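Q:
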Amino acid sequence: MVSIAPDGTLVSLSPSDITAAATCTYGWLRMKVDPALGRAPRLAVEDPMLKRVSGLGDAHEERALRGLVAEHGEEQVVRLERPSPYTAATVAAAGERTAEALAGRPAVVFQAMLHDGAFGGLADFLVLRRDEEHPEGAYEVVDTKLARHARVTALLQVAAYADLLDGMGVPRTRHGSLWLGDGTRHRADLAEVIPVYRHQRARLERLLRAHVASGEPARWGDDALAVCGACEACAEAVEAHRDVLLTAGATRLQRTRLREAGIETIEQLADSAAAPAGMPERTWRALRDQAAAQLAPRRPDGTPPFTIVDPVPILWLPEPSEGDVFFDFEGDPLWTAPSGEMEGLEYLWGWVEAPGGDTAGTAFGDFRFTGLWADTRGEERAALEQFVAFVEARRAAHPGMRIYHYAAYEVTALKRLTVRHGVGERELDDWLRAGLFVDLYSTVRAALRAGVPSYSIKKLEPLYMGAEHRAEDGVTTAADSVTEYHRYVAAMEAGDTEVARAIRADIEDYNRYDCVSTARLRDWLLAQVEPEEAAVADRPVDDAATGDEPLVEAAPSLQEQDAALAASLQALAGVERGEAGGTGAPEAELDGGRRGIALLAAGLGYFARENKPLWWAMFDRAVSAPDEWQEPRANLVFDTVESVGAWERPTPRSNPARTLTVTGRLEPGTEVRPRRNSQERFKLNALYEQPPRGAELAPNAVRWQSRSPVDVTEVEEIAPGRFRVSLLQRLSAKYEPEPHAEVPMAVFHLNYVRPGGLLERIREQAAEAARRGRLPEGTVFDILARRAPRTTGRTLAAIGADVRDGRRDGVGGLVEAVESARGSYVAVQGPPGTGKTYVGSRAVKELLDRGWTVGVTAQSHAVVENFLDQLIGVGVDPDRVGKEPKDPDGLHRWTSLGSSEVHAFLAPGRVLGGTAWTFANAAAQPVDLLVVDEAGQLSLAHLLGASALAETVLLLGDPQQLPQVSRGEHPQPIGDAALTWIAEGAPVLRADRGFFLDTSWRMHSALTRAVSELSYAGRLGAREEVTDARRLDGVEPGLHPWPVSHTGNAVSSPEEAAAVVEIIQSLLGRTWSTGPDDPGRPLEPSDVIVVAPYNAQVATVREALDAAGLEGTAVGTVDKFQGREAAVAILTMAASSPQEVPRGLDFLLNRNRLNVSISRGQWAAYLVHSPALADALPTGPEDLPMIGAFLRLVHR
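According to the UniProt record's numbering, the sequence shown is numbered sequentially starting from 1.
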């Protein structure tokens, strides 16, 4: 915590200040700095939970100290006194005592003061470790934290203390540790964290110096200060300044857009006449009308004003049923299993029922309440089983029943829990398809506008609870419930059962009240609709959602068979579903065979789980407000409809079609695009707010989703982020029997995966494992079990050593390895420019010449076809290379096969290319070798299906380049890429698994070093006699950070585009030589490639390049350039700051994407970026290495 002396001089900053200031700069200055400077009064913040946690933290620290004393002996543990009072003099004295203690080299130093005069604090423990790297001993920084999982603040604290030890010249270990409250120990590589700490510290010190020098308190409305909008300081300022954040539903990003338009207060928002730039019209109107409602006077009875803005969502609520239940979870988001693997526990599952179904006529105390308690992970699973059984039985007795809840948490939690425990997945899918859940929050947001500061159910209760409205005391909020639950747990642990019983009763009473409140809200909403309106309303169909696309590919009977087979395999693997953390037991507890069986079990449900988020998003579009839709990149919500053509039949036999021209916002990486070619199976679906006559809404839906196909024919950007889109809408008689005048309000892409033969092959392999009672021998099973390849000749490690030492060439070594590992697998990790495709294609040619039958597969057709082209390039007869082309109209060097010819093509000495589905097809033929190119992007599930008939598998790729993307949540890592799985998270492949190609032939050694440090633990080198013999006159080789300051840019930066042009123009005409025998030539625009993370920036740079006469310079996203190279590569990041980054920092600063982008360059790479990007502070510790890696790049 920041400490400031009475005279205003700084005593100390601490790591906690870094996180506090990054989260809310205004709040940190207002609550911590200004009161110490005498510029503002202190805010009174009552937090009984914080006081309790502090006491528990001290006890946890004391337990750790006792353990270290027991381990090392009292005489080897030095206990230092804390400075008191905390002044510059006492801190300095404590630092001197610490230095003296460390000079004596004790085993443990407790409460070491590490301080450099401006920054520091008390390290819980410094523990002396001796290992191979430090035979004389080095100190490990250990911090105790009561939390059950690592936090960014704590890791920055450890990094700060380690860096301060470096400043003192005290040897330390590379890693630091957090000893957490559940007994687990989190180790962090401090080389990845210290750069983040240093950058954040420097930034904070600059901020504080400027603030102290200003002589003024922090000012609300200073756009240089980040605000969270939620802390006590922000709440005070929002109210005092009548900020637009007073408007229910307003976000910080919307606040920024409104302020840019001069709209700063809720009153100004209510009186505004036009949408600000960058904000959709419908969003602005909703915010304006909400602001006006909040400013309207209260009703005569003192309740908030309200208006039913659209009765239809209420009219379309299901008919009340005697079986209806009203459901609410109580959850502790901080709970984790003893293993530390999973966070959160749903500790109370509560619901009420009304006798006879008459909720309106049932008194508060007469509702029947059921509460299922869960204090452990095993009890949580039991509660899930009871809930599933209850709902299934109730549906059987009351087919029209619904489960009412408020907001998405209940359904979201059930989705997570069914996967976690492997219970109820099929039932939940069925419930969702049948519209069993009714989210009254969605109904409220669509139908009601009320003068309330938020649409939480607590703020709405004055409208409908009447005399039953609960006073603001006792357990009245979810936060109160969690706090009381912690008290309950503590009382149970202390053996105080009477106190625990009383606390538990209070929590149950709160939960029961919320359930009854949900019932009262339903009844109140229905009462707001005139009886005559309800009588004529066309309610949606009251059975399962119609349509030809099931939630999962398999029929229910196959789902049940798969579930039973998965359960038997889990039992065979010994995977526990209790306290160890659901169906996914920690990997360390599974040996190779058991791990492989557990993965097989997870594979049975892989494709259904991958598709679930897409189906859930589709259902969400039908019920939720557009601003809250999931999968934003798949949606185009229309701002305006500029033109609608007449329905016409292009030919007498054609279906009717019409054109539409619309405008709206498209997200970066949008899936709303034209088809890539005439054969691509790609279409959009339309969504209607006013359904055509005869259209049947799904249960609970307020919008109708058409299945008739829509194509994008043209996309034109008309303003930053806004586009004019031309659509062709075709009418399918199967879904829409006749043309209609209604116009959709949005289109979306449903990009689900049909598993087809892949799932069938997985079923066969799973059934074989179950029949044998163990994991079978074989290629893919060796991979699942992470076994080293079985060999009949020399081991892969021995062959690899010969290749590295130059005793064997790479091609010959790979051929020998594949033949030795016949019946198993060989992996090849090829970093950029190391010749992975060169070695792989030549090895395959030699095997073809020896009569092997070979298949080539990958995640995409393009990758497969590129490898086939390489085979022909090294001399394989095109007649021996075949594939069904992705684009039948394209030109291909290999034999183009029709769909009926594919599986008859294979023969000794021939190679067949195709996606995983090709080799999982029922007609597929066995292959001696299946080559998986870019195996860092193909999931284990896809490999399971594709390799079923392969004797041997060759994995080619690099897990440090573009990754496999998984959408679903899986109980085991079946969604991991095959090569990533084999690498076990290490940056370099183990020698017993295959080959790491450690020499780049592409990049100059200076550029190679940057890439090697970024992604390969320094193990990647360059063939310097080749790479360093090139020459670009007047330009230093390597990586060149190029900072460009700009603000307000998210996916497109004209400032960075101008910098790109400037860089290229500075390079043109310089002599570029490719080697000692090349006299050189002037560098041309085509010798430079530009990589951008977003299509919008691609377009912006393209426009700038063309305007500068640089048409020959290629620009595209990183996916376009994988495998490409140029003399110079330029990466432009586009976003101004972390706050503007769409799709998250883990996309923009992803280490794999940075690796691929930078490594396109042969001589140099330029990293064009906003300096503010480096200010990012992640919310989770898993992202700290990503930020650290980016900082090392830009600070080279």
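C-beta: ideal position from N, C-alpha, C; glycine also.
Note that this is a predicted model, so its numbers are computed, not measured.
Using C-beta distances below 6 Å, list every residue in its chain close to Gln690, excluding the 5 sequence neighbours before and after it, in chain order.
A: Excluding positions up to five away in sequence, the list reads Glu742.
Q: If I follow the unbroken alpha helix (DSSP H) through Gln1065, where does it start and stop?
A: First-last of the alpha helix (DSSP H) with Gln1065: 1054-1067.
Q: Helix, strand or coil for Asp1119 per DSSP?
A: Helix at Asp1119.
Q: CB-CB under 7 Å to His903, same chain, minus the five flanking residues each way: which ones, in chain order?
A: Asn921, Ala923, Ala924, Gln925, listed in sequence order.
Q: Classify Trp1042 as helix, strand or coil using the three-state DSSP reduction.
A: If DSSP states are grouped into helix, strand and coil, Trp1042 belongs with the strands.
Q: Along the chain, where does the alpha helix (DSSP H) containing Thr857 start, and where does it finish?
A: Thr857 -> not in any alpha helix (DSSP H); beta strand (DSSP E) instead, spanning 854-857.
Q: Taking the alpha helix (DSSP H) that Asp17 falls in, what are its first and last residues?
A: Taken as a continuous stretch (DSSP letters only), the alpha helix (DSSP H) holding Asp17 covers 15-23.
Q: Tell me the residue span of the beta strand (DSSP E) that contains Gln111.
A: Taken as a continuous stretch (DSSP letters only), the beta strand (DSSP E) holding Gln111 covers 108-115.
Q: Keeping to the same chain, check which residues put their C-beta closer than 6 Å to that of Gly95; ignore five residues upstream and five downstream.
A: Excluding sequence neighbours, Gly95 sits near Met113, His115.
Q: Taking only the alpha-carbon atoms, compute the straight-line gap between Pro739 and Tyr752 and give it to the nearest angstrom.
A: Answer to the nearest angstrom: the Cα atoms are 28 Å apart.
Q: In this structure, what does DSSP give as the bridge partners for Trp373?
A: According to DSSP, Trp373 bridges with Leu348.
Q: With distances taken from CA atoms, which of Ser654, Ser643, Val637 is nearest Gly664?
A: Selected option, being the one with the closest Cα: Val637.
Q: Report all residues from its chain with a CB closer than 6 Å to the CB of Glu716; omit the five preceding and five following residues, and keep chain order.
A: Arg724, listed in sequence order.
Q: Ala389: buried (16+ other C-beta within 10 angstroms of its C-beta) or exposed?
A: Answer is exposed; the Cβ neighbour count stays below 16.
Q: Ser732: which of Arg787, Arg653, Val702 sits nearest, CA to CA?
A: Answer by Cα proximity: Arg653.
Q: What are the start and end residues of each continuous alpha helix (DSSP H) run of 4 or more residues lying completely inside the region 434-484, in chain order?
A: With a minimum length of 4 residues, the continuous alpha helix (DSSP H) runs that stay inside the region 434-484 are 440-447, 457-464.
Q: Please list, in chain order, all residues of the same chain as Ala40 whose beta carbon is under 7 Å from its beta carbon, the five residues on each side excluded.
A: Cβ neighbours of Ala40 beyond the five flanking positions: Arg30, Asp34, Pro217.
Q: In whole angstroms, what is the alpha-carbon distance linking Glu736 and Asp639?
A: Each residue's Cα considered, the two are about 25 Å apart.
Q: What does the alpha-carbon distance come out to for the pair residue 1210 and Gly778?
A: Residue 1210 lies beyond the residue range present for the chain, which begins at 1 and ends at 1196; the question has no answer from this structure.
Q: Could you check what DSSP says for Gly495 in three-state terms: helix, strand or coil?
A: Here Gly495 sits in coil by DSSP.
Q: Which of helix, strand or coil does DSSP assign to Val227?
A: Val227 falls in the coil class under three-state DSSP.
Q: Run through DSSP, which three-state label would Met49 get?
A: Reliability fails at Met49, whose pLDDT of 48 lies under 50, so the model's placement of it is uncertain and the value that follows must be treated cautiously. Correct three-state label for Met49: helix.
Q: If you reduce the DSSP assignment to three classes, tell me which class Asn1155 lands in.
A: In the structure shown, Asn1155 sits in a helix (DSSP, three-state: H, G or I).
Q: Using a Cβ-Cβ cut-off of 7 Å (strictly less than) and excluding sequence neighbours within five positions of Gly721, which residues of its own chain qualify?
A: For Gly721, where only same-chain residues beyond five positions count, the Cβ hits under 7 Å are Gly278, Arg665.
Q: Could you tell me the alpha carbon to alpha carbon distance between Trp1001 and Pro832, rounded to whole angstroms?
A: In a straight line, the C-alpha of Trp1001 is about 9 Å away from that of Pro832.
Q: Kindly list the residues whose CB is nearer than 7 Å to the CB of Arg395, restricted to its own chain and excluding five residues on each side of it in sequence; keep chain order.
A: Around Arg395: Met401.
Q: Pull up the CB-CB distance for Ser939 and Ser966, whole angstroms please, since I reckon it's below 8 Å.
A: 7 Å between Cβ atoms; contact.
Q: If the criterion is Cβ atoms closer than 9 Å, does the pair Arg786 and Glu984 meet it?
A: Yes, they are a contact pair.
Q: So for Ala615, helix, strand or coil by DSSP?
A: According to the sequence shown, residue 615 is Trp rather than Ala. Residue state, collapsed to three classes: helix.
Q: Report all residues from its chain with a CB closer than 6 Å to the CB of Ile974; omit the five preceding and five following residues, and keep chain order.
A: If we look at Ile974 and ignore the five residues flanking it on each side, its Cβ neighbours are Leu599, Ala602, Gly603, Tyr606, Leu940, Ala941.
Q: Give the range of the alpha helix (DSSP H) segment to which Lys836 is assigned.
A: Start and end: 836-849.
Q: Have a look at Arg763, Ala248, Glu1125, Val803 and flag the residue whose alpha-carbon is nearest the alpha-carbon of Ala563.
A: The candidate whose alpha carbon is nearest that of Ala563 is Arg763.
Q: By how many angstroms is the C-alpha of Gly1048 removed from the C-alpha of Val1141?
A: Computed Cα separation, rounded: 10 Å.
Q: Within its chain, find whatever has a CB closer than 7 Å to the CB of His186; leave out the 5 residues flanking it on each side and keep chain order.
A: Cβ neighbours of His186 beyond the five flanking positions: Ala150, Ser177, Leu178, Leu180.
Q: Please classify Ala1127: does DSSP put it in a helix, a strand, or coil?
A: Three-state DSSP puts Ala1127 in a strand.
Q: Would you grab the beta carbon distance between Phe919 and Leu956 for me? Rounded to a whole angstrom, and I think it's under 8 Å.
A: At roughly 16 Å, the Cβ-Cβ gap does not stay under 8 Å, so Phe919 and Leu956 are not in contact.
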